[in-house]
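Undergrad: My questions will all concern the structure given below.
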Ligand code: HEM
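Chains as they are written, first to last, in the numbering used here: chain W, 7 to 283; chain G, 9 to 451.
What follows is the structure, given as structure tokens:
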């Protein structure tokens with residue numbers, strides 16, 4: 007337990023440092039951005055190690071309880087971010103959005119860490135659950151990336167004056183950012199769809215009922231439909247650029263509410279994954 | 009007919025689609041705080057309309073995709089004219105360029121992994137034609153999914169049945185403690201459900217699966233299925249899905265005159281309930297005794313053993329039944345161990361023959377479950393194809409212009425990827441000997 011906690015704190019520290027470097031680099035001094043990427047990605051090492059240690063110790067993937075779920079989301083977000091900057095140089099500035107969010111997620115979970123071990127109950131011991139949770143992570147990671155890209159798009163669109171402008175100029179064209187944001191949403195939509203379907207199948211295998219309008223189920227479906235609206239606005243009504251970016255920005259809070267808000271607001275029986283908040 | 013066509017035209021309006029999805033979102037959000045609002049006719053009507061609209065769209069998309077597929081490699085005169093007069097991109101072919109610029113363009117397009125169909129002055133390069141079918145297939149699947157879910161709900165039955173260990177029950181309405189059946193439900197199977205054992209189990213990997221019954225499904229004397237039932241491991245047979253949703257205690261009780269007359273038997277079920285004094289609920293049942301006199305009711309409860317102030321949720325070591333009988337307004341009580349009996353006011357005697365655990369089984373009879381799984385998979389595949397295999401098409405015309413030969417091009421990408429247009433432009437410029445761009449109307 008202690009080594010795991012020490013490693014987690016190391017990750018928290020590196021993510022925090024990465025967030026600060028990104029912010030400073032973004033506003034004042036672009037070369038800092040490289041360092042910011044390096045520091046943030048370095049945080050993945052202790053984070054991954056801590057996750058692995060925990061996985062082995064508790065005997066199930068990181069999917070039960072706030073302390074396992076939320077940092078894991080941050081992990082996915084940082085990995086996705088790493089992949090983005092690796093594939094497309096010049097997209098480093100989206101770290102300004104991703105890193106502080108990741109830092110907050112992992113930081114908040116450290117506050118509940120000590121009472122966080124949860125056993126795998128018979129209902130939870132299912133492959134469908136693993137699929138369900140993996141795809142949930144993938145979708146939230148994708149939506150977070152689309153959100154960050156939409157923010158970058160909007161900042162640049164608003165003319166982002168003064169010191170910021172030379173940083174922003176180095177980014178790929180607005181058309182490419184806009185398109186990437188759309189691609190992440192399309193991918194996230196598929197992942198979320200798989201997540202919902204796997205959840206329904208799992209519920210049927212575990213309880214004999216594939217859909218029960220439980221608040222978490224309802225809000226996942228709502229999130230999915232919100233992104234269906236985005237895709238329709240874009241593909242059928244031709245919304246692009248600024249309007250599409252605003253929709254992408256507005257959609258993320260719905261997803262976050264489905265993930266974190268619902269178990270807090272509704273006292274759902276479903277929310278094993280957030281126990282320990 | 010004209011009316012129908014007008015209705016379909018309305019239904020496939022893209023604004024209506026967005027509006028309906030938004031309506032479902034709004035309704036679902038509101039309903040997540042109002043209990044049972046999802047069964048309301050308003051919600052069902054909106055969803056039904058969305059399903060119809062999705063089907064109408066899918067139909068229209070299927071036709072237009074099929075048209076696009078059929079026309080691949082065929083360009084009509086009007087399209088050639090448009091390419092000549094209003095190209096998206098014009099690249100002047102540099103003087104002294106070796107070879108045929110259209111062939112060079114064709115090679116360039118092949119390098120972009122497009123397949124090329126060409127004539128002497130015109131070429132069409134495309135890829136991802138299957139991608140065109142993804143979106144219609146996805147929308148068809150959604151429409152069918154909504155239909156199957158609706159029919160499934162209407163013809164589904166779901167009930168809870170308690171089966172004491174060593175006993176069996178028939179899958180028939182009367183056997184259920186609670187049952188809910190849709191208006192189109194065809195009737196229970198009449199198969200026999202037996203529980204032969206109940207105990208805490210671990211699976212092959214050592215994961216604790218909780219207290220699980222061993223369930224047998226029989227048809228007459230034939231054993232159809234025999235299986236340990238625990239969460240994520242239901243017993244399946246055709247459209248039947250049997251889950252274990254808990255267990256409790258049953259007493260095996262008989263009533264008879266003891267002088268050779270018929271004996272009636274019942275197995276009242278008692279559930280664990282920490283709020284009750286003995287830690288269990290009381291079963292209320294009746295047995296009409298042989299003498300034709302009617303017992304009003306029998307109430308039976310079985311107090312649990314306690315340890316450290318808590319009731320142990322299992323059969324007590326020496327179980328006792330607290331029995332209260334009401335007959336013709338008179339109440340008689342007794343505490344009976346296994347084998348114990350009491351005289352009833354009617355003259356017969358009531359005997360407790362045994363105490364056993366019982367398994368609470370949930371039986372869902374729903375043919376739509378596997379079709380729904382199948383549609384999930386289909387929708388996932390169709391959607392993935394639609395997104396990851398975009399249809400890409402380039403048409404290039406070799407045209408004579410006032411200042412010499414030029415390539416006129418038109419680019420289409422079903423997802424509007426800006427990088428594709430850039431790549432095509434670069435490739436065509438190279439093919440034309442890197443001549444400057446004359447005009448560029450849109451991106
Ligand atoms: C449950 C309702 C619906 C959902 C969840 C949904 C979802 C989607 C998604 C995810 C896409 C993007 C991927 C693709 O092209 O396949 C899409 C595209 C599209 N949808 Fe829907 N849709 C729904 C209903 C409708 C309806 C009612 C219409 C009729 C107007 C419609 C028309 C379209 C069209 C025209 C496209 C663009 C296809 C393309 O660009 O190739 N959809 N929809």
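A virtual CB, placed ideally from N, CA and C, is assigned to each residue, including glycine.
Taking 7 angstroms as the cut-off, does the CB of residue 218 (chain G) come closer than this to any heavy atom belonging to ligand 1?
TA: no
Undergrad: Across which residues does DSSP place residue 238 (chain W) in a beta bridge pair?
TA: DSSP output for residue 238 (chain W) lists no bridge partner at all.
Undergrad: Is any heavy atom in ligand 1 found nearer than 7 angstroms to the beta carbon of residue 7 (chain G)?
TA: With chain G covering 9 to 451 only, the question about residue 7 (chain G) has no answer from this structure.
Undergrad: At a CB-CB cut-off below 7 angstroms, which residues of chain G make contact with residue 211 (chain W)?
TA: 240 and 242
Undergrad: For chain G, is any of its Cβ atoms less than 8 angstroms away from the one on residue 243 (chain W)?
TA: yes
Undergrad: Check whether the Cβ atoms of residue 329 (chain G) and residue 364 (chain G) sit closer than 8 angstroms, and answer yes or no.
TA: Contact flag unset, no.
Undergrad: May I have a chain-ordered list of the beta strand (DSSP E) segments no shorter than 3 residues that lie completely inside the stretch 274-324 of chain G?
TA: 291-293 and 303-309
Undergrad: List the residues of chain G whose Cβ lies closer than 8 angstroms to the Cβ of residue 216 (chain W), in chain order.
TA: Correct list: 377 and 380.
Undergrad: In whole angstroms, what is the alpha-carbon distance linking residue 232 (chain G) and residue 124 (chain G)?
TA: Near 59 angstroms, if we compare the C-alpha coordinates of residue 124 (chain G) and residue 232 (chain G).
Undergrad: For a test of the three-state rule: what should DSSP assign to residue 66 (chain W), helix, strand or coil?
TA: In this structure, residue 66 (chain W) counts as coil in the three-state DSSP scheme.
Undergrad: Are residue 66 (chain G) and residue 128 (chain G) closer than 8 angstroms when you measure CB to CB?
TA: no
Undergrad: Of all the CB atoms in chain W, is at least one closer than 8 angstroms to the CB of residue 158 (chain G)?
TA: no
Undergrad: For residue 160 (chain W), I'd like the list of residues in its chain whose CB is within less than 6 angstroms of its CB, leaving aside the five on either flank, ordered along the chain.
TA: 251
Undergrad: Any heavy atom of ligand 1 closer than 7 angstroms to the Cβ of residue 391 (chain G)?
TA: Yes, ligand 1 has a heavy atom inside 7 angstroms of this Cβ.
Undergrad: Grouping DSSP H, G and I as helix and E and B as strand, with all else coil, what is residue 196 (chain G)?
TA: coil
Undergrad: So, at 6 angstroms on beta carbons, what are the nonlocal neighbours of residue 445 (chain G) in its own chain, with the 5 sequence-adjacent residues on each side left out?
TA: Because residue 445 (chain G) sits at a pLDDT of 48, beneath the cut-off of 50, its placement in the model cannot be relied upon, and the point is left open.
Undergrad: Which residues in chain G sit within 7 angstroms of residue 192 (chain W), going by Cβ to Cβ distance?
TA: 395
Undergrad: Verify the contact flag: residue 224 (chain W), CB atom, against every heavy atom of ligand 1, threshold strictly below 7 angstroms.
TA: Checking every heavy atom of ligand 1 against the Cβ of residue 224 (chain W), none is found closer than 7 angstroms.
Undergrad: By the criterion of Cβ-Cβ separation under 9 angstroms, what are the contact partners of residue 199 (chain W) in chain G?
TA: 384, 387, 388 and 391
Undergrad: For chain W, check one thing: does any of its Cβ atoms lie closer than 8 angstroms to the Cβ of residue 40 (chain G)?
TA: yes
Undergrad: Any heavy atom of ligand 1 inside 7 angstroms of the beta-carbon of residue 53 (chain W)?
TA: Checking the Cβ of residue 53 (chain W) against ligand 1 gives no.
Undergrad: Going along the chain, which residues of the stretch 219-238 of chain W sit with their C-beta nearer than 8 angstroms to a C-beta in chain G?
TA: 219, 221, 224, 225, 227, 228, 231, 232, 234, 235 and 238
Undergrad: How about the stretch 180-193 of chain W and the stretch 149-159 of chain W: do they share at least three Cβ pairs that are nearer than 8 angstroms?
TA: Yes: the two stretches touch, three or more of their Cβ pairs being nearer than 8 angstroms.
Undergrad: What would DSSP say about residue 83 (chain G), mapped onto helix, strand or coil?
TA: coil
Undergrad: Candidates G:250, G:419, G:404 and G:421: which alpha carbon is nearest residue 413 (chain G)'s?
TA: Between residue 413 (chain G) and the set G:250, G:419, G:404 and G:421, the nearest pair of CA atoms involves G:404.
Undergrad: Per the contact definition of three or more C-beta pairs closer than 8 angstroms, is the stretch 81-95 of chain W in contact with the stretch 43-61 of chain W?
TA: Touching, yes.
Undergrad: Verify the CB distance criterion: does residue 370 (chain G) have a CB-CB separation below 8 angstroms to chain A?
TA: Of the protein chains in this structure, namely W and G, none is chain A.
Undergrad: Is it the case that the Cβ atoms of residue 179 (chain G) and residue 201 (chain G) are separated by a distance below 8 angstroms?
TA: yes
Undergrad: According to DSSP, simplified to helix, strand and coil, what is residue 122 (chain W)?
TA: In this predicted model, residue 122 (chain W) has a pLDDT of only 49, less than 50, meaning its place in the structure is not dependable enough to derive any value.
Undergrad: Can you name the residues of chain W whose CB is closer than 8 angstroms to the CB of residue 22 (chain G)?
TA: 238, 242 and 243
Undergrad: Output the distance between the C-alpha atoms of residue 31 (chain W) and residue 193 (chain W), rounded to the nearest integer angstrom.
TA: 30 angstroms
Undergrad: With 8 angstroms as the C-beta to C-beta threshold (strictly closer), list the residues of the stretch 134-159 of chain W near chain G in chain order.
TA: 134
Undergrad: For residue 218 (chain W), does the three-state DSSP call read helix, strand or coil?
TA: coil
Undergrad: Report yes if the C-beta distance between residue 80 (chain G) and residue 121 (chain G) is below 8 angstroms; otherwise report no.
TA: no
Undergrad: Using a Cβ-based criterion (distance less than 7 angstroms to any ligand heavy atom), does residue 25 (chain G) qualify as near ligand 1?
TA: yes
Undergrad: Give a single yes or no on whether residue 142 (chain G) has its beta carbon closer than 7 angstroms to a heavy atom of ligand 1.
TA: yes
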